[in-house]
Every structure is written in C-alpha cells, then in structure tokens.
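Enquirer:
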Amino acid sequence: LQLLLLLLLSLVSCDSSLVQILQRCYKQQRFETLLLLTHSQALQCSQMEQLAMEWPMLRLTEQSHFNLRSRHSQEMLALVCLTGQQALDMQLWQALDQQLLNMRQVRLLLLLQDTNQLNTAHLLGHISQMATQLKFLHLVLSLPAHQLYQLQPFAAESWQLLPPGSSLFKQIKNYQRVKLVTLPDQRAAESLVYKDVRTGKLRLTGRVSKLIEELALLYNITLEWPWPLQMGKHYSVIHMRNMTLNGILDLPMCMCGFERVSAEGVFSYPYALHKWFVVLPCPRSMPVADIYLLLFNHKWWLALGISYSVFTLLDACLGFLLQRRQFSWTYVLFNERIFSAMLGQPNSMRARFSCSARLANLQLFVLGVMVSTIFGAHLQTLLTKRPTLPAINNFTLLRDSHMSIYFDQSERFYLNKFPKTSRIDPIKPKIQYLSTEEYYARRRYINGTEAFSIDDADWYVVAKQQELFEKPVACRYPDLVFGLHLLMSLPMQTNSIFEEPLNRMIHNVLGSGLQDVWLQQSLRQLNALGQGNQMYPPDQKSFKQSRVADLVYIWLVLAAGLLLA
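With mature numbering (1 follows the signal peptide of the UniProt record, and there is no 0) as the guide, the letters of the sequence shown map in order to residues -16 to -1, 1 to 549.
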C-alpha cells in the first residue's frame, strides 16, 4: 500500500510539474498547437494526453507521415517522449525530421521519465549531437528530478541547467561566428561589388547586401565566399537559387521569385514587391529630312495647288479681258509670276491699266507674305525644338516594330510560369534570351533598336541616373508592364538555421523603412564613385555652326548652272 501511494504521489507531482512547464512556455510565447510525439512501443508518457487537453493537440508516432507546415501554424510546441533506448529514440528523431520539415523554429520539449539506467552526460551528448545534426535549435530537456536543460547550439557548453522560475526557450541572439556562405549577384540595387578608393578593398552595396551584413553583425555570424569576389561578375538569379538549394550557398545576396516551401528549400518572407516590364529607348528627335516631309504634307500641297489655280485663272482671265492677251492653257499651268508671288518671292507685276488687276495683285502679295511668314516660323520652330518620333507604348506596336527584345536567360524560368493568356503573349516569339553577362553588357550601352526586360529595383537606379543626363535614354510605359505585384524573397537551404533570424530581420527592416534608406544610400555612394551607371546615353554629336565649306555642293550646282546658261 505504501509503494502504491508513493507511485501515485510521484505521478501527481510529475503531472503538476509538466503543467507548470506548459504554462510557462505558453506565457513566454503563445502556441496554437501542441504536438505530442511518442513511440508506439513505449507507454511512459501516456498521461500527457490528459495534461494537454487545454490546447489543441496532435498525437503522432514514429510511423506518422505528415507535412505539418502546409497544414498547421508554425506556432507550435512539440512534446517528445523519449524512451531511453537509443534505437527507439533514433526513430523518434527521424520522425521529427520528416514531420517538422522546414519548421526548425518549433520549440521541442523532450521528456524523459526514467534515467536510472542512463548516464546523464552521455544522454545529453547524444541529444546535443542529434539536435545539431538535424538543425533543431530550440530544445529543452526535462528530467524526472525537475531538472530542465536548455540546448545552446553554438556555445562552447552545449547545455545550460535552467534555474527554477527562469524563462524557457531563450531566443538565440549569438550564433558564435557560425559560417554563412553567400555570394552577391552584382546588381546595383541589390548587391554590387565595388572598390573603395581610399582603402583599395572590395566592398558591397545594395539593399540585399546591407540586409545580410546587418544580419551577420547583429547575430555574430561570419560571412564567407565560395570563391574570391570579382568586380562586374554578374550571376543569374536561377544560378544563385540553384546553388542555394543544392547546398553550395547558405544564403545568397539576391532576390528571386517567392516560392512555396518544399523539400528542396525554403524562402524568406517577401522582401520586396516588384513590377516586371519592358523598357525601351526613348523616342529620338525627328531627322531634319522628316521635318521637311512633315511640313510638305498633302494638306500643304492641296492648299498651294488650289490657291495657284485660282490666281492663275484670275490672271489669265484679266489679261484676256482687259489687256486683250490671247488665252493660253500653258500660261495657266506654268505661271512663274503667280507662283513666286504666292511664296513671297520677288516678281514683276504690271497692272497699271486696271484697278481690278491691282487689287488681285495686292491680294496675291498679302497671301505670299502670309505663306512665307507662317512657313518660316513653323520651320524654325521645328528645327529649333525638333519633335520626337512616335513612341512604342504597347506590346502590339513593339511586336510590329523593328526592335530586338532581350531577356536574361534566368527570366525564362519565371516567364514560363505565367498564365497561357498574358499581356506579354504578342512579343513572346520575338524574345531573345541572353546570358547574364551579355544581357547586362548590352543593356549598359542601350541603342535605338533594342528593348530589355527590367524590374522596379533596376529601374529606380536607371531613373535616378538619367536625371543627370541632358535627355533620358530609356523610357517605361504603363502598357508595357506584364508582371504586377511580384513577391521577391531570399532562398535558403532546407531546414536553414538562418530562416528565423532572417525573417525577423526582414520584418524589422520593412517596418522601419530601412530598405528605402539603404537603396538611396547605395545610389549616392555609387554615383560618388562613378560606378553607378547602368545605361549610357548614345553618342550625340554637338551642334556646329554652318561654314562656307559646308555649302560646297551648293556652289558646285550654282557654277554648273551658270556654265549651262
């Protein structure tokens, strides 16, 4: 009877202690779901089901196979009942690894009720090894003697004995200089390598590189490169994404399209919201020859022909009636006096014997002055401020134009994910995919026959740069936007230990507006160093005054005419 009472008292004390631990965990950080993981061959933790009735609970065994992240909230506390047998516990660890895929921020509370036949030091070492190998960072071990050990993943001492009443699952703020392998994609808005003129060292600028550098500084992380950095060496987004998902990089300094979490990798919170569009060379000024064609249009020729016909008929009729000249259709068709007078040129008009003829000549003179004055004013205005050619401002005009359309080869991956009927469909057959190096080289020296894809980040740099030019080089139009509200995030490896601090960092940066500050700071820094040019204007010939030598062909024509005369 005494043994039975002692057993009941121990169970009650164990239950009350576990309830207090759960209440402390919930008070410190609320959880929406309680995950209970036990082994099907062990019954040591059967009483936990009654203790956890206060919270929604998932009861799983080592034989369960669920993707919890796609179905449940990540605000979860996992209760794992260890058996003390290495083979059975290994199956529990494997089940945790599968069921908590890409959910390493979930807190684990390990329970072990019988340690009589176990070496505590050996047990702690084995659990620490498994947690480090499987990248579980938030872990607390509860022993029967009301002892709580918290795992310190990156510290010299792997375990810390928690004093009574202390907080559980302390936030990891020091990664103890753990290595983070990264690489910049060399985009001016995201992460660009430049050489400091004062120190001669290579430095980084851009809103993504600033984010990762601040992350490393705040959490005591060491940044490493897989190979030496090179200025101007561009890397495609897909190449960086694949290197990360394949385990070469831990966290690249680039943004790619947001994707759902899978067994291949995980993506951070969206860091930016982009638009994707086609940028074109701005319409050029109309050539001088086209300006004359613009003036001598069909309306001008029609008005000139009607006026010439009226005045030549009037002159022929007046000459026939008043001066008794013979009427001739040749004189009507070819009347150089009327033609020169209409254009305001000198001519010989004789109308001494008739007031009506004088009145007609006066009207002709007024018409000639008006025509020559208006024509001269219009011509000088167009030559001084030449109009631009018609703009290509939609995909239909772009398809029918002579423009060559270039996309980065990495953009094909995301372009193929667009719906079958999208705004960019008219120009898809004309798109030419270039390597990342060739794409940026061509876009850097844009000419009048090439169009390029671009997003908001790169366009911001280009637009700010163009403010320093006499005329803008590239233009964007609302009807050339084919991607709206594109979520951009940073890729990471599966079960990355940097997911939680990075998401927390992104949340704080976006909430404080630091992203815009970093972008403007990087732009000013690059402009000061003369390394921020993303698009150069085409070579424009400066205006030169006309000289006598420029009229050589006119002098030759005049000399030939005099010789023929």
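C-beta: ideal position from N, C-alpha, C; glycine also.
Ends of the beta strand (DSSP E) at residue 260?
Expert: By 1-based counting over the sequence shown, the position of residue 260 is 276. Start and end: 256 to 265.
Enquirer: Compare the C-alpha of residue 261 against each of 540, 90 and 470 and name the closest.
Expert: Reading the sequence shown from its first residue, position 277 is the one you call residue 261. Here the closest residue by C-alpha is 470.
Enquirer: To the nearest angstrom, how far is it from the Cα of residue 188 to the Cα of residue 383?
Expert: Here residue 188 is taken as the residue at index 204 of the sequence shown, counted from 1. Here residue 383 is taken as the residue at index 399 of the sequence shown, counted from 1. About 39 Å.
Enquirer: Starting from the C-beta of residue 146, find all residues in its chain whose C-beta is less than 8 Å away, skip the five residues before and the five after it, and write them out in chain order.
Expert: Counting from 1 along the sequence shown, the entry for residue 146 is found at position 162. Cβ neighbours of residue 146 beyond the five flanking positions: 124, 132, 133, 134 and 152.
Enquirer: Quick test of your reading: residue 479 and residue 157, contact by CB under 8 Å. State the CB separation rounded to the nearest angstrom.
Expert: Taking the first residue of the sequence shown as 1, we reach residue 479 at position 495. Taking the first residue of the sequence shown as 1, we reach residue 157 at position 173. Wrong, their Cβ atoms sit about 20 Å apart, outside the cutoff.
Enquirer: Beta-carbon within less than 6 Å of residue 398's beta-carbon, same chain only, minus the 5 sequence neighbours each way: which residues are those?
Expert: Here residue 398 is taken as the residue at index 414 of the sequence shown, counted from 1. Hits under 6 Å: 241.
Enquirer: Can you find the residues in the same chain that come closer than 8 Å, C-beta to C-beta, to residue 57, ignoring five residues on each side of it along the sequence?
Expert: Taking the first residue of the sequence shown as position 1, residue 57 is located at position 73. 16 and 17.
Enquirer: Measure the CB-CB distance between residue 486 and residue 235 and report whether it falls below 8 Å.
Expert: As a position in the sequence shown, residue 486 is number 502, starting the count at 1. As a position in the sequence shown, residue 235 is number 251, starting the count at 1. Closer than 8 Å, so yes.
Enquirer: Where residue 551 and residue 435 are concerned, what is the direct C-alpha to C-alpha distance, given to the nearest angstrom?
Expert: Nothing can be reported for residue 551: it is not among the residues displayed for the chain, which extend from -16 to 549.
Enquirer: Below 8 Å on the Cβ atoms is my guess for residue 424 versus residue 396; work out the distance and round it to an integer in Å.
Expert: One-based indexing of the sequence shown puts residue 424 at position 440. One-based indexing of the sequence shown puts residue 396 at position 412. About 16 Å separates the two Cβ atoms, so there is no contact after all.
Enquirer: Measuring alpha carbon to alpha carbon, tell me which residue in 321, 10, 220 and 275 is nearest residue 561.
Expert: The requested residue 561 does not occur in the structure, where the chain is confined to residues -16 to 549.
Enquirer: What separation, rounded to the nearest whole angstrom, lies between the Cα atoms of residue 171 and residue 442?
Expert: Within the sequence shown, the letter at position 187 stands for residue 171. Within the sequence shown, the letter at position 458 stands for residue 442. For residue 171 and residue 442, the distance between alpha carbons rounds to 8 Å.
Enquirer: Cα separation between residue 572 and residue 312?
Expert: Residue 572 lies beyond the range of the chain shown here (-16 to 549); nothing can be said about it.
Enquirer: If we count the other Cβ atoms within 10 Å of its Cβ and call it buried at 16 or more, is residue 502 buried or exposed?
Expert: The count along the sequence shown starts at 1 and reaches residue 502 at position 518. Burial call: buried.
Enquirer: Using the Cα positions of residue 400 and residue 13, report the straight-line distance between them to the nearest angstrom.
Expert: As a working note, residue 400 is residue 416 in the sequence shown. As a working note, residue 13 is residue 29 in the sequence shown. About 42 Å.
Enquirer: Based on DSSP bridge pairs, tell me the residues matched to residue 140.
Expert: By 1-based counting over the sequence shown, the position of residue 140 is 156. Answer is none; residue 140 lacks a bridge partner.
Enquirer: CA-CA distance, residue 26 and residue 45?
Expert: Taking the sequence shown and counting its residues from 1, one reaches residue 26 at position 42. Taking the sequence shown and counting its residues from 1, one reaches residue 45 at position 61. Computed Cα separation, rounded: 10 Å.
Enquirer: Where does residue 228 land, buried or exposed, given buried means 16+ other C-beta within 10 angstroms?
Expert: Position 244 of the sequence shown, counted from the start, is the residue given in the question as residue 228. That one is buried.
Enquirer: Residue 469 by DSSP, collapsed to three states: which one?
Expert: Residue 469 sits at position 485 when you count from the first residue of the sequence shown. Strand at residue 469.
Enquirer: Look up residue 549 in the DSSP assignment and say whether it is helix, strand or coil.
Expert: Residue numbering aside, residue 549 sits at position 565 when the sequence shown is read from its first letter. Of the three classes helix, strand and coil, the one that applies to residue 549 here is coil, per DSSP.
Enquirer: Output needed for residue 114: all residues of its chain with C-beta closer than 7 Å, excluding positions within five of it in sequence on either side, in chain order.
Expert: Along the sequence shown, one-based indexing puts residue 114 at 130. Same-chain partners within the cutoff: 77.
Enquirer: Does the Cβ-Cβ distance between residue 365 and residue 270 come in under 8 Å?
Expert: Taking the first residue of the sequence shown as 1, we reach residue 365 at position 381. Taking the first residue of the sequence shown as 1, we reach residue 270 at position 286. No, these two residues do not count as a Cβ contact at 8 Å.
Enquirer: What is the rounded straight-line gap between the Cα of residue 93 and the Cα of residue 51?
Expert: Within the sequence shown, numbered from 1, the residue matching residue 93 stands at position 109. Within the sequence shown, numbered from 1, the residue matching residue 51 stands at position 67. If I take the Cα positions, the gap works out to 20 Å.
Enquirer: Please state the DSSP three-state secondary structure of residue 497.
Expert: Residue 497 sits at position 513 when you count from the first residue of the sequence shown. Residue 497: coil per DSSP, three-state reduction.
Enquirer: Beta carbon of residue 127, beta carbon of residue 96: below 8 Å?
Expert: Translated into positions along the sequence shown, residue 127 becomes position 143. Translated into positions along the sequence shown, residue 96 becomes position 112. Yes, Cβ-Cβ distance for residue 127 and residue 96 is below 8 Å.
Enquirer: Could you check what DSSP says for residue 389 in three-state terms: helix, strand or coil?
Expert: Locating residue 389 in the sequence shown gives position 405, where the first residue counts as 1. Three-state result, residue 389: strand.
Enquirer: Which residue wins for smallest C-alpha separation from residue 323, given the options 474, 295 and 344?
Expert: Working through the sequence shown from its first residue, we reach residue 323 at position 339. Ranking 474, 295 and 344 by Cα distance to residue 323 puts 295 first.
Enquirer: Would residue 276 be called buried (16 or more neighbouring beta carbons within 10 Å of its own) or exposed?
Expert: Position 292 of the sequence shown, counting from 1, holds the residue named residue 276. It counts as exposed.
Enquirer: Would residue 195 and residue 493 be called neighbours here (beta carbons separated by less than 8 Å)?
Expert: If you number the sequence shown from 1, residue 195 lands on position 211. If you number the sequence shown from 1, residue 493 lands on position 509. Cβ distance < 8 Å, so residue 195 and residue 493 count as in contact.
Enquirer: Take residue 254 and list the residues in its own chain whose beta-carbon comes closer than 7 Å to its own, dropping the five residues that flank it on each side.
Expert: As a working note, residue 254 is residue 270 in the sequence shown. The answer, listed in chain order, is 242, 471, 472 and 473.
Enquirer: Any idea which residues DSSP pairs residue 175 with across the strands?
Expert: What you label residue 175 is simply residue 191 of the sequence shown in a count that begins at 1. BP columns for residue 175 point to 171.
Enquirer: Candidates 477, 211, 108 and 449: which alpha carbon is nearest residue 504's?
Expert: Within the sequence shown, residue 504 is the residue found at index 520, counting from 1. Nearest option by C-alpha distance: 449.
Enquirer: Out of 129, 105, 174 and 148, state which residue places its alpha-carbon closest to the alpha-carbon of residue 141.
Expert: On the sequence shown, position 157 is the one that residue 141 refers to. Comparing Cα-Cα distances from residue 141 to each of 129, 105, 174 and 148, the minimum goes to 105.
Enquirer: To test your reading of the DSSP string, which unbroken beta strand (DSSP E) runs of 3 or more residues are found completely within the stretch 171 to 217?
Expert: The stretch 171 to 217 contains these whole beta strand (DSSP E) runs: 176 to 179, 186 to 189 and 205 to 208.
Enquirer: Should residue 495 be labelled buried (16 or more other beta-carbon atoms within 10 Å of its own) or exposed?
Expert: Along the sequence shown, one-based indexing puts residue 495 at 511. Per the 10 Å Cβ criterion, exposed.
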